[in-house]
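Comments concern the structure below.
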Amino acid sequence: MGKILGIDLGTTNSAMAVLEGGSPTIIVNAEGDRTTPSVVGFRADGDRVVGKAAKNQAVTNPKNTVFSIKRFMGRKYSECTSEIKTVPYEVKEGQGGRAVVDIEGKDYTAEQVSAMTLAKMKLTPRSIWRDRHRRRHHRPGLLQRRPASGHQGRR
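Residue numbers (numbering that gives the first Met the number 0): 0 to 154.
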């Protein structure tokens, strides 16, 4: 059976777990944490940061730091009046009456911002699985059991 990856895209934090051999294991992110803040920060130089780095910039750049975006997902602007009052970034009415975030004149839907969080998170398991895959194929015991692999290992 292959590995199964589970992702919890939370309003405040997101997490990933892998199911191997019937037991789930939380995957730590690049910062070594078990959860990643569901925060996306847009910087003046055009860079975008996600997670802890974005959460850290919220104090100095609140208008360009998006958090709690799930509260706006799939909702019309007119339905979000109380939620809009709780965030420092600009939420406005977009196409079809949807609630969108305006960052420096560019509109982002809740789904787009959430996809930015997921894009950062998906990098972590790939690197972990790639490392595990490499280790599994370079163990001396494995190379000794298979003559053809052993020849490759000695080369």
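Quick reminder that beta carbons are idealized off the backbone N, C-alpha and C, glycines included. Note that the structure is a prediction, hence the values are computed from the model and not measured.
Which class does Arg97 belong to by DSSP, given the choice of helix, strand or coil?
strand
Starting from the Cα of Ala60, find the closest Cα among Thr35, Lys75, Val86, Tyr76 and give me that residue.
Residue identity differs from the one stated: residue 60 is Asn in this sequence, not Ala. Out of Thr35, Lys75, Val86, Tyr76, Val86 has the C-alpha closest to the C-alpha of Asn60.
Which residues DSSP lists as bridging Thr64, in chain order:
Gly40
If you follow the alpha helix (DSSP H) that Ser81 is part of, which residue opens it and which one closes it?
80-83
Enclosing alpha helix (DSSP H) for Ala52 [first to last residue]:
That run of the alpha helix (DSSP H) goes 51-56.
Given this structure, state the Cα-to-Cα distance separating Arg144 from Gln56, to the nearest angstrom.
For Arg144, the pLDDT reaches just 44, beneath the cut-off of 50, and the residue's location in the model is therefore unreliable, leaving the point undetermined.
Can you check whether the CB of Gly21 is closer than 8 Å to the CB of Pro36?
no
How is Asp7 classed by DSSP in three states: helix, strand or coil?
strand
Grab me the residues of Cys79's own chain with a C-beta within less than 8 Å of its C-beta, minus the 5 sequence neighbours each way, in chain order.
Arg70, Phe71, Val90, Ala98
Pick out whichever of Val38, Arg47, Ala14 has its Cα sitting closest to the Cα of Gly31.
Ala14
Under three-state DSSP, which class holds Glu103?
coil
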